[in-house]
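Residue numbers (the numbering used here): 63 to 149. Glycine is no exception: its CB is placed at the ideal position from the N, C-alpha and C atoms. All remarks here apply to the structure that follows.
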């Protein structure tokens with residue numbers, strides 16, 4: 063009976079260690095992936111802001127009325143936006 067309980071304790075310790083190593087690896091990979099996605103998003107935002115300030119975009123009028131005009135902005139990096147121009 064003592065052999066079975068000793069075997070059970072040892073196997074639970076081994077399973078716990080393997081599970082913890084797996085979870086640490088999983089958390090590390092997700093943290094690195096999220097950080098890279100965040101950096102790529104910031105680069106795209108900065109690039110779009112520079113294009114906007116330089117005027118490097120195409121425009122398309124979506125809606126026009128007496129009070130305002132909705133203009134769709136299409137950038138070269140496949141980002142789209144809307145500009146509201148009040149008249």
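Secondary structure of residue 112 (DSSP, three-state): helix.
Put simply, the region 82 to 95 does not touch the region 118 to 125. Fewer than three CB pairs are less than 8 Å apart. For residue 149, the closest alpha carbon among the candidates 126, 139, 143 and 134 is that of 126.
Per DSSP, residue 126 is one residue of the beta strand (DSSP E) stretching across 119 to 126.
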